[in-house]
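Going by the numbering used here, the sequence shown opens with residue 3, and the numbers climb by one from there. Down below is the structure, laid out as structure tokens.
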Amino acid sequence: MDLATPPHTLLLPIDPDLWPPPSGPISVDGTVYAPKPELHVTLIGSRLGARLHTTFSKTFVHEEIAKAVAEQDWRFQRTGRLVQLAHTPAATGNASSQAPPRGSIIELIDLPAMRLFHQALAALLGRQLPVPPPHVTLYTAHGPRGIGLASPLQLRTRRLRELRPEEIHYLG
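Dropping the structure here:
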């Protein structure tokens with residue numbers, strides 16, 4: 003856990019014996035999605051991590067985050083709810099760049115500790131924070147990066163739809 007080093011994130015790794023990563027690519031509406039090689043839940047995204055890093059000393063952040071992590075029960079439940087996301091990053095100023103939006107297929111999970119953890123972070127910062135929708139990215143399209151979801155608003159604006167099993171075509 004080193005929020006001092008970019009991308010300033012904190013991840014909850016998922017034991018592959020409990021939830022193996024997908025074994026092959028899938029296609030949804032003609033778009034091919036590559037499986038993620040490892041699964042995790044992002045507890046602190048890059049923007050929040052950078053804010054914590056620039057606001058507090060490295061030692062303070064490490065100690066307080068470790069304490070907040072230790073105080074939570076990080077068990078989660080899978081929901082089986084798969085959501086297709088798309089996000090076009092902000093323009094880079096390169097007019098010739100016509101890259102397609104990044105895509106992800108995520109599974110929403112029940113993780114009660116996420117709210118409590120972010121309440122502890124909010125207390126550290128002295129301000130309210132949105133609670134990121136607990137999820138695991140299973141597949142990505144147009145690059146290996148997932149689509150950050152730091153708030154319920156981002157889930158709403160980046161969500162294409164919830165997928166039904168018959169809409170997923172397994173390629174591998």
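Glycine is no exception: its CB is placed at the ideal position from the N, C-alpha and C atoms. In this text, all values refer to a predicted model and were calculated from it rather than measured experimentally.
- Message: Going by C-alpha to C-alpha distance, which of 125, 87, 124 and 155 sits closest to residue 33?
- Response: 87
- What's the call for residue 163, buried or exposed, on a 16-neighbour Cβ count within 10 Å? exposed
- Runs of alpha helix (DSSP H) lying entirely within the region 85–146, each at least 4 residues, in chain order: The region 85–146 contains these whole alpha helix (DSSP H) runs: 115–127.
- Query: What's the C-alpha gap between residue 69 and residue 173?
  - Reply: 43 Å
- Item | Segment contact flag, the region 100–119 with the region 135–147, C-beta cutoff 8 Å, min 3 pairs | Enough Cβ pairs lie closer than 8 Å, so yes.
- Query: Can you give the Cα-Cα distance for residue 141 and residue 90, rounded to whole angstroms?
  - Reply: 17 Å
- Local conformation of residue 2 per DSSP, three classes: Since the first residue of the chain shown is 3 and the last is 174, residue 2 is not available in this structure.
- Those residues which DSSP pairs with residue 65 across a bridge: BP columns for residue 65 are empty, so no partner.
- Query: Is residue 33 helix, strand or coil by DSSP?
  - Reply: If DSSP states are grouped into helix, strand and coil, residue 33 belongs with the strands.
- Rounded to whole angstroms, what's the CA-CA distance from residue 147 to residue 83? Just pull it up for me. 21 Å
- If we call anything under 8 Å between Cβ atoms a contact, is residue 104 one with residue 143? At the C-beta level, residue 104 and residue 143 come within 8 Å of one another.
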